[in-house]
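S.K.: Sequences listed follow chains A and B, in order.
Here the numbering used here is used: the first residue of the first sequence is 30, the next is one more, and so on.
Here the numbering used here is used: the first residue of the second sequence is 58, the next is one more, and so on.
We put the beta carbon where it would ideally sit given N, CA and C, even for glycine.
Below are the structure tokens for one structure; questions will follow.
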Amino acid sequence: MNAPALTVDGFVKTFGGVHAVEDVSFTVADGSVAALIGPNGAGKTTLFNLITNFYPADAGQARFYGASLAGLAPEKIARLGLQRTFQTARVFPGMTTLDNVLAGAHRRVRSHGVRQMLWLPGARQEERELAAEAQALLDLVGLSAFSAAAATSLPMGAQKLVEVCRALMARPRMLLLDEPAAGLTDAETAEFASLLRAIRDNGITILVVEHNMSLVMDVADDVIVLDLGRLIARGAPAEVQRDARVVEAYLGAQME
Amino acid sequence: MDQAVQIIIGGIVQGCVFALIALGLSLIYRVTGIINLAQGAFCIFGALLGYTFQVTFNWPMPLAILAAVAGTTVFGLVIARTTFVPGLAYLPNSSMLMLTAGLLTFIEGLTLVLWGSQPYATPTFSGERPLDIFGVLVPTQGLWIAGISAIVILATWFVMGRTALGKALAACAENPMAAQIMGIDVPRMTLMSYGISAMIAALGGIAVAPLMSFQFDTGSFFTNAGFIAVVVGGTSSFIGPVAGGLFLGVTEQLAAGYVSSLFADGVALGLLIITLLWRPQGLFAPRRARRHDVREDVRVHRAIVDFRGHGPALAGIALVIALAAIPWVINDGGLMSSLVITLILFISVLGLDVLMGYAGQVSLGQAAFMAIGGYTSAILATTYGVPPLAATSAGIALSLACALVLSLVTMRLRGAYLALATLAFGLLVDSLTVGLTDLTGGPSGLVGIPSFAIGPLVLASPTAMYFFTLALIVVIVLVLLGGMRSSFGRALQAIRTDQTAAAALGINVPAHKMAAFAIAAVLGSLSGSLYAFDFHFLSPEMVATPRSFELIAMLILGGDGTLIGGLIGAALITLLPTLFQPLALYKTLAEGAILVIVFRYLPEGLLGRGAWLVSRLAGALMETFAPTAAADKLP
Chain A
30 MNAPALTVDG FVKTFGGVHA VEDVSFTVAD GSVAALIGPN GAGKTTLFNL ITNFYPADAG
90 QARFYGASLA GLAPEKIARL GLQRTFQTAR VFPGMTTLDN VLAGAHRRVR SHGVRQMLWL
150 PGARQEEREL AAEAQALLDL VGLSAFSAAA ATSLPMGAQK LVEVCRALMA RPRMLLLDEP
210 AAGLTDAETA EFASLLRAIR DNGITILVVE HNMSLVMDVA DDVIVLDLGR LIARGAPAEV
270 QRDARVVEAY LGAQME
Chain B
58 MDQAVQIIIG GIVQGCVFAL IALGLSLIYR VTGIINLAQG AFCIFGALLG YTFQVTFNWP
118 MPLAILAAVA GTTVFGLVIA RTTFVPGLAY LPNSSMLMLT AGLLTFIEGL TLVLWGSQPY
178 ATPTFSGERP LDIFGVLVPT QGLWIAGISA IVILATWFVM GRTALGKALA ACAENPMAAQ
238 IMGIDVPRMT LMSYGISAMI AALGGIAVAP LMSFQFDTGS FFTNAGFIAV VVGGTSSFIG
298 PVAGGLFLGV TEQLAAGYVS SLFADGVALG LLIITLLWRP QGLFAPRRAR RHDVREDVRV
358 HRAIVDFRGH GPALAGIALV IALAAIPWVI NDGGLMSSLV ITLILFISVL GLDVLMGYAG
418 QVSLGQAAFM AIGGYTSAIL ATTYGVPPLA ATSAGIALSL ACALVLSLVT MRLRGAYLAL
478 ATLAFGLLVD SLTVGLTDLT GGPSGLVGIP SFAIGPLVLA SPTAMYFFTL ALIVVIVLVL
538 LGGMRSSFGR ALQAIRTDQT AAAALGINVP AHKMAAFAIA AVLGSLSGSL YAFDFHFLSP
598 EMVATPRSFE LIAMLILGGD GTLIGGLIGA ALITLLPTLF QPLALYKTLA EGAILVIVFR
658 YLPEGLLGRG AWLVSRLAGA LMETFAPTAA ADKLP
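See the structure below:
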């Protein structure tokens, strides 16, 4: 087995007495798709926010290919090659869909602002190449017809796809996706599953929070289950599905 | 010792008024999250209304005061009902702030039209003879102020803490949506809070009027003082703004008494900056942490002006040719001069557009950079005979230095706090241009500034200046366009609405904000220098804070985030008063009205609206062929 891409080591986070995340540890193998599941309020998004340092953790830390992420500003984490998307789609208002995707390439642009302002041929050329790449990504998710439209005018499901494209434009080593398939139809979800597999096959590790079980069972190599801030199970999709604690977390204890 | 007691008493009296304004500001802020910049204008409106009732109409004083307070409250309610409350439903917070800046300008303009520009001194409530309290002379008006303030503060405390109305207002502050669901009429509560704030402001203004001289534009001074008091005190508790106001009043008076009155503004600004850096939540109260994973401002309506393709390029070339042809068509020297000023101001607006339109950093201090550039180059050229080009460069260097310091100091501030820090910066520069008489010539201005020259080439005529400025603008617009359509511009636009998501993409948010600030400062400074050389004269009010508001009005009217839109705004606001001379009195009023109306009905500006219409037209055409074309959604 490969060395882990992401190691989460004993995260603890309390919000005013509520234990949102309690001593959670797991690893995500390099080049795999891991799914983070659990009922509402299980602490999945909080865990994302802890990994990317949007919240300071009360205890514990995350390591990315061995390097500790503790105390790093979100933009430094992005520069290491760890990209995230948000639970509520956060496309940039007032920008076209294409510009939104291009914004993801920010760290890759080599010609700096002054060269862009002087319209230097190299800067223009780079800009054209990036635009073509962004257009190709939009094509891949079926949104290329909307590249000149305001990103906020797209339906929610499409906005989340734009966000995934934006994150991909950064050429990350690993993606953290927060409910990327929310708002997609069943057919679109199936397409999205093959997109996730394609991303993984390109060597990008994925950790995805998802409620859609068929998607999780379809693409995940590894499933991590949280309930009330605790890790209650992890393993291959089929194993986790049979786990009594997982069934109980989802359906309640009334089955006894 | 006696002197110190005297000064402190003076400070408490002044602090009481600041506390009242701060109280009103924090009331509206707590219910809506908006700092109402018009707050100070209600002070002046109330006081001058009181003057009219009492002196002109000769009403008995209690009746005059009552009528003035009632009149101001009704006026405030009308303003809130027609602009502020409906605006809240769809404007982002930064636009709401500018809407209140528009209201401030509008009310000042109205005051100018109604009462003229002369200062007023209203009679005291109970004679001029000060009261002797243990050897300390206290003006009786001071006691009135303290008494009125105490009553207002106690009444507000009672209403907020003990009544159902107070609870409803607090619920709106806590969570407007939940309050709405619980059956609280949030718009009505907002209206109520605005009315109460106007009433409190009027009371404060009427009480302090006899001790100060009031004129139409004293309002921004009060707003600023009230805001600093709110920041120093913090908004979360009821006592914070009151304590902040008193603290600010005493500190300012001590500084004025023992150092110099020029220094008093500096002390206020210093207090503001120290508080914002050291305890952004205010000195007197804690504040809950803000959630960082949720976008703050979802209400953004903006037409997207896309510069790609041949259409915009051709339109741009046509525009430049048309502008270059103007001097051959127009023979009127006065109109030509106004056109030069239009272009010069447009340079400043361009800088503001990068900072506000693209990076979304609201700045109420753009004119301060015009002042720094204008005065630096004018003084160097006039007193030391430095060639204009070198003098202009020196001005730009100084502006750049100031901008970097300002942006470092304000780096952690967002939205309203940043806007008001830039306002404070603008007011500080205002006080310096007036106060440093030896250097700037004081209020009467600096005369004998030479014409702009490039080496031996002297641009003496308006036509020469016109061509030079136009060429400069073409270069500047091309440079900015290159930046804005590339990754630099995209990063600024990303920061505009969502700093958190921008940072998550690896964008260095502080560096980009700083760059935007620097561009705004450089262009503002350049514009200020050209202005001085073109006019051969520079006085403080040409580049003071009202000019900052005017530049914003130009930008918003034309359409922010469009680069070129500001030209439409600059032309309309500069040329209309020239073409209709008798209307000059109404200029401030009209500018305020334009800001308010544009924000209320046309938030994307004239150019943005035009671009939207064009894109809709194109969309409709495409619809005929491909039914998937999507047009922008606009209100």
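1. Quick one: is B:W201 buried, meaning 16 or more other Cβ sit within 10 Å of its Cβ, or exposed?
2. Tell me where the alpha helix (DSSP H) around B:G97 begins and ends.
3. Apart from the five residues on each side of it in sequence, which residues of its chain come closer than 6 Å, Cβ to Cβ, to B:A255?
4. Am I right that B:M468 and B:L612 are in contact with their C-beta atoms under 8 Å? What's the rounded C-beta distance?
5. Can you list, in chain order, the residues of its chain with a C-beta nearer than 7 Å to that of A:V248? Leave out the 5 residues immediately preceding and following it.
6. With contact counted as at least three CB pairs below 8 Å, one residue from each stretch, are the segment 625 to 642 of chain B and the segment 589 to 603 of chain B in contact?
7. Could you tell me whether the segment 134 to 150 of chain A touches the segment 541 to 549 of chain B, where touching means 3 or more Cβ pairs closer than 8 Å?
8. Am I right that B:A125 and B:T179 are in contact with their C-beta atoms under 8 Å? What's the rounded C-beta distance?
9. If contact means a Cβ-Cβ distance below 8 Å, which residues of the segment 119 to 139 of chain A contact chain B?
10. Expressed to the nearest angstrom, what Euclidean distance is found between the alpha-carbon atoms of A:L167 and B:S434?
11. When the cut-off is 8 Å and only beta carbons count, does B:F99 lie next to chain A?
12. Would the C-beta of B:T526 count as close to the ligand HEM, meaning under 7 Å from any of its heavy atoms?
13. Might you give, ordered along the chain, the residues of its own chain that have their beta carbon closer than 6 Å to the beta carbon of B:V70, omitting 5 neighbours on each side?
14. To the nearest angstrom, how far is it from the Cα of B:L642 to the Cα of B:P597?
15. Tell me the rounded alpha-carbon separation between A:P150 and B:M234.
16. With distances taken from CA atoms, which of A:R137, A:A32, A:F175 and A:H48 is nearest A:R200?
17. Is there a C-beta anywhere in chain A that falls below 8 Å from the one on B:T280?
18. Considering only DSSP beta bridges, list what A:V252 is partnered with.
19. Using beta carbons (cut-off 8 Å, strictly below), is A:T81 in contact with chain B?
20. State the Cα-Cα distance for the pair A:A96 and A:V193, rounded to the nearest angstrom.
21. Looking only at its own chain, which residues have a Cβ that is under 6 Å from the Cβ of B:G81, when we skip the five neighbours before and after it?
22. Who are the Cβ neighbours of B:L455 in its own chain at under 8 Å, not counting the five residues just before and after it?
23. Find the residues of chain A that neighbour B:A454, judging by a C-beta separation of less than 8 Å, and give them in chain order.
24. Measuring CB to CB, does B:L480 end up less than 8 Å from B:N281?
25. Using a beta-carbon distance cut-off of less than 8 Å, what residues from the segment 69 to 97 of chain A approach chain B?
26. CB-CB under 6 Å to B:F509, same chain, minus the five flanking residues each way: which ones, in chain order?
27. Mind listing which residues of the segment 142 to 160 of chain A have their C-beta closer than 7 Å to chain B's C-betas, in chain order?
28. Identify the contact partners of B:F545 in chain D, using a Cβ-Cβ distance below 7 Å as the criterion.
29. Taking the continuous beta strand (DSSP E) assigned at A:D52, which residues delimit it?
30. For B:E353, which three-state DSSP category applies?
31. Beta-carbon of B:Q418 versus every beta-carbon of chain A: anything under 8 Å?
32. Which residues does DSSP list as the beta-bridge partners of A:F40?
33. Give the range of the beta strand (DSSP E) segment to which B:I85 is assigned.
34. Please confirm whether B:Q550 has its beta-carbon closer than 8 Å to some beta-carbon of chain A.
35. Going by Cα to Cα distance, which pick from A:A71, A:L35, A:T214 and A:V254 is closest to A:V50?
36. Which whole-angstrom value is the C-beta distance of B:A137 and B:L248, which I expect to be below 8 Å?
M.R.: Concretely, from the data shown:
1. buried
2. Where B:G97 is concerned, the enclosing alpha helix (DSSP H) stretches over Q96 to Y108.
3. Answer for B:A255: F99, T129, T130 and G133, listed in chain order.
4. Rounded, the Cβ-Cβ distance is 23 Å, inconsistent with contact.
5. V62, A222, L225 and R226
6. no
7. yes
8. Between B:T179 and B:A125 the Cβ distance is about 10 Å, and since that is not below 8 Å, they are no contact.
9. Taking 8 Å as the upper bound on Cβ-Cβ separation, chain B lies near residues R119, F121, P122, G123, M124, T125, D128, L131, A132, G133, A134, H135, R136 and V138 of the segment 119 to 139 of chain A.
10. 51 Å
11. Answer no: the Cβ-Cβ gap between B:F99 and chain A never drops below 8 Å.
12. This structure lacks the ligand HEM; in fact it carries no ligand of any kind.
13. Closer than 6 Å at Cβ, skipping near neighbours: G199 and I202.
14. 19 Å
15. 51 Å
16. Considering only alpha carbons, the answer is A:R137.
17. no
18. A:A64 and A:G264
19. yes
20. Roughly 25 Å separates the two Cα atoms.
21. Q96, S254, I257 and A258
22. Annotation for B:L455: I429, G430, T433 and S582 place their beta carbon closer than 8 Å to its own, counting only its chain and skipping 5 residues before and after.
23. For B:A454, no chain A residue has a Cβ inside 8 Å of its Cβ, as the nearest lies near 18 Å away.
24. Yes, the Cβ-Cβ distance between B:L480 and B:N281 is below 8 Å.
25. T74, N78, T81, F83 and Y84
26. P445, L516 and F590
27. G142, Q145, M146, L147, W148, A152 and E156
28. Reference to chain D is not applicable here, since the protein chains of this structure are A and B.
29. For A:D52, the uninterrupted beta strand (DSSP E) segment begins and ends at V47 to A58.
30. With a pLDDT of 45 at B:E353, under the threshold of 50, the predicted position of this residue should be treated as unreliable, though the coordinate-derived value follows. Coil, per DSSP.
31. no
32. A:V53
33. That residue, B:I85, is in no beta strand (DSSP E); its alpha helix (DSSP H) goes D59 to T89.
34. Yes, its Cβ sits closer than 8 Å to a Cβ of chain A.
35. A:A71
36. 5 Å
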